[in-house]
Every structure is written in C-alpha cells, then in structure tokens.
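Student: The structure that follows is given in the form of structure tokens.
In mature numbering (1 follows the signal peptide of the UniProt record, and there is no 0), the protein residues as written are -19 to -1, 1 to 497.
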C-alpha cells in the first residue's frame, strides 16, 4: 500500500504586554501580546490495504474575524457598514432637498442614523460555484505570495506550507479585527471585502465533510481573561471551534495541548509545543487532515533506489516509487522551461508537480510562475511510465517577517482586535510546521513486479527538484504548496557527483530496460 501523509501546523501567539503582570489590569494604552496556536486535527485514518493512499494533515492558526468577501478589487478598501451612494448627473449632495413629507429635523435625524452592517448572517445560505472558485483563486494567490517570499528567504532545501490552513487562521483573526487591521487582513488574503468570506469558508468546510479533507478547530483561553461572547459564538459557528481553559501552569497546559494534538493526528505528532509561555492569554488552533487515494496503485515490490539530481550538479540516492502505466496528464512549458504533470487522486483531488528543466531552477521558475495560467492547460491523461521519490520531509518556519512583508505588520504592532476583547491585544508570533511523508506500507499484489519497456514508451521521472501543489479540483482550493530539493534528508548518503543520465540510461541502470 502506498501511503502519503502531510502534516502541517501553524502556531500564532497572542500574549499580554511584557509590562503587564496581571491580565485583569492591562493598561488601555498598552497592547497585550496575543498568541495564536494552530494545532492539527486529523480524521481517523482509513486502513484499506487495497488502496494506495495519500494523507495530509495540516495545522494553522485559527482566528476570528468579521465575514470576508472576495468579490471586490484587491485594491479596493471597504469595511463593514460602509455605503456607496449614487446621485443624478449634475447634482451634488448640497443641491438635494428633503422630500416635502419630511421636516428638516426629521431628515437630519434620518441622515444621522448609522448605516446597517452586513453581517455573516445576512449572507445567502448557499454559495455559487463561481464564488467558490473565486475563493480557491484567492487562497491560491495568497499561497503563492507566501511561497515566493519564503523561497527567497530560506536556506532550507524544502518548503511545505498549507495555504488553506494559514488562510483559515488569518480569516478567523479577521473575525476579531476592525478598521485598518481588518482592511490589511482582507487585502493580504486577496479577499476584496468582508461580508461573505467566512460564510464561504464555512460552506467549503461543510462541502469537504465525509470526503478526503476534514477540518477542526479549538480555542484555549487563559483563566480569568475575558473574550467577548459574540466572538466565541461566531468562531464556533463558522469554524466549529471548541473552547478550553488554560490552567495557568505551563507544564500542565503544554501536556494537555500536546495530548490533544497527538490524538487528532493519530500519533503522528507527539510534541507540538515544547512549552506554553506563561503570558499567553489566547491560543487559537486549527487542524486539517487530508487523505487521498491514487487512481492507480503503486507496487512496493518495484520501489528501488535511484538517483536524485540536485541543482548544483550532484546526485544522491533516494527510494523511487514506480508505476508502469499511471494515468498522467503532462505538458511542457517552453517559456518557463518546465515540465508540468498532474497526478489525479480519487475524490476530486490532485497533486501537481512542476519540474524545472534545461538551465532553469526552482527560484527562477517561481519568480515567473503563475499557477492560475498553468491549470487550464492540462491535456487528456495518458498511461505513462512514472517514477517519483518517496518523501520524508519536515519543515518549520516563523512567518512573522514574511507576513510583515505582505502587509500585515499591523497585527504585530498596533492592531485593532476589539471584537475579540476590550483589552488591547497583538500577535506576537506566527509559526508554521509541516511534515510531508510519502511512503509504502504493507505488501500488495500488483500486475507486474518488473516492467520491460521499449525505447519509444513515454515516461515521466521526478528525479530533480520540483514545485508541488495539492489541490481540490472541484473548487480549486489549494491544500498544500511547496518545493522539494531533497526528498529524503534522513535517507540519502553523502551527496556524490554523478553525470546526468538520460531517462533511458537511468532506466537501464535500474534494470527496467534491456540493452540497446
């Protein structure tokens, strides 16, 4: 059985200000730190030895915010309760007179009344396919923004993030924000106005219920700290977040949170937090678990050691999975100098792989990459010989600097989270952790253990660094995004220089092809 698992966690801390000893005596002129912690929530693993499965678990920060809407231009600022008025050509507001049936006093009183706010409850009970696709596009664009920033800043060989998880965390934070904070979150998330984005996200999560993707949330609150009931109720309504109290003892709280994470991840993550800082007042946790099944099985008996070619010309051994006739959709983009392939899963999910070729590399490709333009170009699938590496990758990153560069500096300095609490709060840290694992477990009979191919048989080998995207094909929601330069850091031996071999030569070296 071919088993694939991705686990990602995003941790965002909200704390009281350093000068504040007692939460209950926070000065209104100082901003307590806010610590938000996403944690993983994995659905029960499905054990089916007849299926090759791909499973993903991801944890982002979950924060509350006002409803988000994505129908307006990204550069258009709007806030809840705003109103756009129209008037006849050639007239100004001062030229207009009140209706004769209204006295000047009545007209003035009417004009001074506050405009009604558009609340999540005002949104339609259903969402159109176009709206959900727009939501998917917005999350994809935000994910690419993050990925490109991280690629430029990290020295690590691999990047694994969950655009959906991080979006859910920041969207929940937006539920508790107002004014400039709300506007900046909306802009960074590529949501154009707030009114119905939370509603769309809720329906999206409902749509994924009983499918390959499951999502869960939890809130931890420090005992004695008051958060507004409306915030708790709204967070529960849109994200089904359960509220738990922190005991105030770091060791006990750390143990309780890690136990919950271990339970929902089915033991995949045993120590999510090393320590819960004593001055944390709020932890918002969100977990995503994805488990998908290949449309065609991989036979563990033909998995063999092969070479993976690094960007510097060196190569190192990795375990390569193989399939003689995988139904693959693949094309080449001459402008980007990349090969692009789509591995379809059951349940309308897919893995998209982008491999730089010629003199290009991941950085040069990513700088010019627009995934939205590539997605419509996939041709019909063909049965192709496929080789891809098993993956065993851990990734963790502090997102503070990246989010600041994307325009969210306000949440770390002087945000308006007055919908969460009347006490001033700010985000002190946003951390993301992910584990990507592709491995085979168990033994299953397969159609063939050795594949003999003619030289003319087409094939696709992922034996070079690549960019990947795991997405829901129905609405285009991106679950995971990243790049892999070292598929198995804990497996490969010391890198050694090897001349690059052609596909045929590579196949013959592994006895999959006969002599010329």
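Beta carbons are placed, not taken as given, at the ideal position from N, Cα and C, and that holds for glycine.
Alpha carbons only, please: which of 392, 412, 417, 358 is nearest the one belonging to residue 405?
Tutor: Minimum Cα distance to residue 405 is reached at 392.
Student: Can you tell which of 304, 282, 259, 286 has its C-alpha closest to the C-alpha of residue 276?
Tutor: The candidate whose alpha carbon is nearest that of residue 276 is 304.
Student: When every heavy atom of the ligand SAH is checked, does at least one fall within less than 8 Å of the C-beta of residue 359?
Tutor: Summarising the ligand content, the structure contains no ligands, and the ligand SAH is consequently not present.
Student: Counting pairs of beta carbons, one from the region 274 to 289 and one from the region 318 to 336, are three or more of them closer than 8 Å?
Tutor: With the cut-off at 8 Å, the region 274 to 289 and the region 318 to 336 touch.
Student: Whole angstroms is fine: what's the gap from residue 257's alpha carbon to residue 152's?
Tutor: Spanning the two alpha carbons is a distance of roughly 23 Å.
Student: Measuring CB to CB, does residue 292 end up less than 9 Å from residue 342?
Tutor: A contact, by the Cβ cut-off of 9 Å.
Student: Helix or strand or just coil, what does DSSP make of residue 210?
Tutor: Helix, per DSSP.
Student: Got a sec, what are the start and stop residues for the alpha helix (DSSP H) residue 322 sits in?
Tutor: Note, residue 322: premise wrong, no alpha helix (DSSP H); beta strand (DSSP E) at 319 to 325.
Student: Within 10 Å of its beta-carbon, does residue 374 have 16 or more other beta-carbons around it, so buried, or fewer, so exposed?
Tutor: Buried, since its Cβ has 16 or more Cβ neighbours within 10 Å.
Student: Looking only at DSSP bridge pairs, what is residue 303 linked to?
Tutor: DSSP lists 368 as partners of residue 303.
Student: Please report the straight-line C-alpha distance between residue 353 and residue 260, rounded to a whole angstrom.
Tutor: Straight-line Cα distance between these residues: approximately 43 Å.
Student: How is residue 237 classed by DSSP in three states: helix, strand or coil?
Tutor: DSSP places residue 237 in helix when its eight states are reduced to three.
Student: Measuring CB to CB, does residue 382 end up less than 9 Å from residue 134?
Tutor: For residue 382 and residue 134, yes; Cβs fall inside 9 Å.
Student: Return the residue from the list 371, 340, 390 that minimises the CA-CA distance to residue 380.
Tutor: Of the listed residues, the one whose Cα sits closest to residue 380 is 390.
Student: What's the call for residue 113, buried or exposed, on a 16-neighbour Cβ count within 10 Å?
Tutor: Classification for residue 113: buried.
Student: Would you give the residue range spanned by the alpha helix (DSSP H) that residue 392 belongs to?
Tutor: First-last of the alpha helix (DSSP H) with residue 392: 391 to 394.
Student: Quick one: what's got a C-beta closer than 6 Å to residue 398's C-beta in the same chain, skipping five residues either side?
Tutor: Excluding positions up to five away in sequence, the list reads 157, 158, 406.
Student: Taking 8 Å as the cut-off, does the region 222 to 239 touch the region 164 to 179 (at least 3 CB pairs, one atom from each stretch)?
Tutor: Verdict: no, contact absent.
Student: In chain order, what residues of the same chain have a beta carbon less than 8 Å from the beta carbon of residue 438, not counting five sequence neighbours either side?
Tutor: The pLDDT assigned to residue 438 is 33, lower than 50, so where the model puts this residue is not dependable; a value taken from the coordinates is nonetheless given after this. Closer than 8 Å at the Cβ level, and outside the excluded window around residue 438, lie 366.
Student: With DSSP as the reference, identify every bridge partner of residue 386, one or two as the case may be.
Tutor: Per DSSP, none; premise fails for residue 386.
Student: Considering just the uninterrupted stretch of the alpha helix (DSSP H) at residue 120, what are its terminal residues?
Tutor: From DSSP, the alpha helix (DSSP H) with residue 120 extends over 110 to 134.
Student: Helix, strand or coil, according to DSSP, for residue 159 in the structure here?
Tutor: Three-state result, residue 159: coil.
Student: What is the DSSP secondary structure of residue 185, counted as helix, strand or coil?
Tutor: Three-state DSSP puts residue 185 in a helix.
Student: Report the rounded CA-to-CA distance for residue 297 versus residue 252, giving the unit in angstroms.
Tutor: Cα-Cα distance, rounded: 31 Å.
Student: Pick out whichever of 470, 463, 455, 469 has its Cα sitting closest to the Cα of residue 194.
Tutor: Of the candidates 470, 463, 455, 469, the one whose C-alpha sits nearest the C-alpha of residue 194 is 455.
Student: Hey, would you say residue 384 sits closer than 9 Å to residue 124, going by beta carbons?
Tutor: Result no, Cβ atoms of residue 384 and residue 124 do not sit closer than 9 Å.
Student: Assuming the contact rule is C-beta atoms closer than 8 Å, residue 302 and residue 363 should be a hit. Round their C-beta distance to whole Å, please.
Tutor: Between residue 363 and residue 302 the Cβ distance is about 19 Å, and since that is not below 8 Å, they are no contact.
Student: Rounded to whole angstroms, what's the CA-CA distance from residue 453 to residue 409? Just pull it up for me.
Tutor: C-alpha separation (whole angstroms): 32 Å.
Student: Under the three-state reduction of DSSP, which class applies to residue 148: helix, strand or coil?
Tutor: The answer is helix: DSSP assigns residue 148 an H, G or I state.
Student: Over what stretch of residues does the alpha helix (DSSP H) that includes residue 355 continue unbroken?
Tutor: 352 to 355 is the extent of the alpha helix (DSSP H) around residue 355.
Student: Determine the DSSP secondary structure at residue 179, reduced to helix, strand or coil.
Tutor: In this structure, residue 179 counts as helix in the three-state DSSP scheme.
Student: Would residue 201 be called buried (16 or more neighbouring beta carbons within 10 Å of its own) or exposed?
Tutor: That one is buried.
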